[in-house]
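Report on the structure given below.
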Amino acid sequence: MSSVNQEPAHEGRSWLSPLVTLGIIVMGLAWAGFGWWKYGVWMHNGPGAGFFPVVMGLGAALLGGYELLRRRFETDRVSWRNLWPAVAMGLAIASIPLFGMVLAMTLFIVLWMALIERQSWLKSVAIGACAGGAIYLLFGMWLMVAFPEGALMAPFT
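Everything in the sequence shown is counted per the UniProt record's numbering, starting at 1 for the first residue and increasing by one.
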């Protein structure tokens with residue numbers, strides 16, 4: 001039974017689920033490669049700006065590979081609505097060179113809460129700002145991890 005607000009799911013083998021999983025693997029590897037070769041994983045005395053993208057990208061690729069192997073023989077019910085999380089995260093990752101990591105992830109949280117979770121804009125901005133601030137304070141200030149800075153943020157640093 002499908003609800004009024006959801007697209008009907010297609011039963012049986014579907015190309016959508018493996019395609020999304022392959023996309024996650026490719027994005028993870030691209031993110032890891034971007035962090036490794038563009039930002040550098042390790043600096044003189046600690047992690048560099050590319051450390052977090054490499055760890056998260058490799059983690060996403062490994063988990064995607066596991067999911068691809070695990071679901072190889074299963075049938076699944078797939079809806080196009082299932083693509084939204086992967087598309088949203090792909091856009092957030094793609095915006096890092098423009099906005100920088102902290103601002104891109106903050107915008108992702110704000111837009112996700114407001115548009116997908118249907119929270120008020122005030123609540124979404126407040127939680128996104130707190131999350132972005134906490135990430136910056138914890139990793140940027142306390143642990144001194146250099147985050148990738150975007151082209152729009154370069155004039156302010």
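C-beta: ideal position from N, C-alpha, C; glycine also.
Because the structure is a prediction, the values reported are computed rather than measured.
CB contact flag (residue i, residue j, <9 Å)
{"i": "Y39", "j": "A134", "result": "no"}
{"i": "G28", "j": "A49", "result": "no"}
Helix, strand or coil at residue i [DSSP, three-state]
{"i": "W37", "result": "helix"}
{"i": "W31", "result": "helix"}
{"i": "residue 161", "result": "Here the chain covers residues 1 to 157 and nothing more, so residue 161 does not appear."}
{"i": "M141", "result": "helix"}
{"i": "W42", "result": "strand"}
{"i": "S3", "result": "At S3 the pLDDT is 47, less than 50, meaning the model places this residue with poor confidence; the figure from the coordinates comes in the next sentence. Coil at S3, not helix or strand."}
{"i": "P148", "result": "coil"}
Top-ranked residue by Cα proximity to residue i, from the options
{"i": "A151", "options": "A94, S17, R72", "result": "A94"}
{"i": "W36", "options": "A114, L16, I24, V55", "result": "V55"}
{"i": "L19", "options": "R118, L83, A30", "result": "L83"}
{"i": "M144", "options": "M153, W15, L91, M43", "result": "M43"}
Inter-residue CB distance, residue i and residue j (contact presumed, cutoff 8 Å)
{"i": "I96", "j": "I109", "result": "Not confirmed; about 14 Å, so no contact."}
Exposed unless 16 or more other CB atoms sit within 10 angstroms - verdict on residue i
{"i": "I116", "result": "exposed"}
{"i": "P148", "result": "buried"}
{"i": "P53", "result": "buried"}
{"i": "V87", "result": "exposed"}
{"i": "F156", "result": "exposed"}
{"i": "L22", "result": "exposed"}
{"i": "A154", "result": "exposed"}
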